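In the numbering used here, the protein residues as written are 710 to 935.
Below, the structure written as structure tokens:
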């Protein structure tokens, strides 16, 4: 057995003995698969799990609601597998909360839910709705103030959490490697200047640095990594 193989075997044995580290590895692996297949696991597969239904905002965990699926005014093209894997699937229907419904010929008459004790009678033809227009959805972790499914947003948010950790370390490693190489190669004043610059950056409170970067670059997905 080569030294490399024996080192890996010894490392694996040590990892198996450390139950805390092994549990952490299992959690990371599970989180990785959740992040990769987030849009197939999440109850709301829309991009960023951003299906807004204001009428059911701020509901508690376990909340159930009946919806009628009404076609959007624009045509939504079918989403390919890899496109959904990367960025989700755009909803082809509006999800309208209702309290009750009744089918009459080619029409569906519903009581649209507006607020507790308040509803509005509306009618839709079968051409305006999905083939199976009425669905009941359960929100296991409730909804936020915009009526978005919290569970779906947590699942999709796993991508951001893992991406921030991975890319931040990659950026830090790249910058550190470049600056360290320059300082070690040129030495002298170059080394002093680089060390001075690093000390200045480290002396700035992290929170103030975050505020400054936010004001300069704005808010967004990619700014999180910086």
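Glycine is no exception: its CB is placed at the ideal position from the N, C-alpha and C atoms. Since we're looking at a predicted model, the values are computed, not measured.
query, result
"Using a Cβ-Cβ cutoff of less than 6 Å, which residues in the same chain neighbour residue 811 once the five nearest sequence positions on both sides are dropped?", "818"
"Rounded to a whole number of angstroms, what is the C-alpha to C-alpha distance between residue 875 and residue 805?", "39 Å"
"Decide if residue 860 is buried, meaning its Cβ has at least 16 other Cβ atoms within 10 Å, or exposed.", "buried"
"Does the stretch 768-780 come close enough to the stretch 840-851 that 3 or more CB-CB pairs lie under 8 Å?", "yes"
"Per DSSP, residue 858 forms a beta bridge with which residues?", "852"
"Can you give the Cα-Cα distance for residue 789 and residue 797, rounded to whole angstroms?", "10 Å"
"Buried or exposed, going by whether 16 or more other CB atoms sit within 10 Å of the CB of residue 748?", "buried"
"Report yes or no: do three or more beta-carbon pairs, one from the stretch 752-767 and one from the stretch 717-737, lie closer than 8 Å?", "no"
"Looking at chain C, is there any beta carbon in it that lies within less than 7 Å of the beta carbon of residue 810?", "Among the chains in the structure shown there is no chain C, since it carries only a single protein chain."
"Inspect the beta-carbon positions of residue 917 and residue 903 and report whether they are closer than 7 Å.", "no"
"Three-state secondary structure (DSSP) at residue 825?", "coil"
"What is the residue span of the alpha helix (DSSP H) that residue 836 lies within?", "Element bounds for residue 836: n/a, residue is neither H nor E."
"Can you look up residue 816 in the DSSP assignment and give me helix, strand or coil?", "strand"
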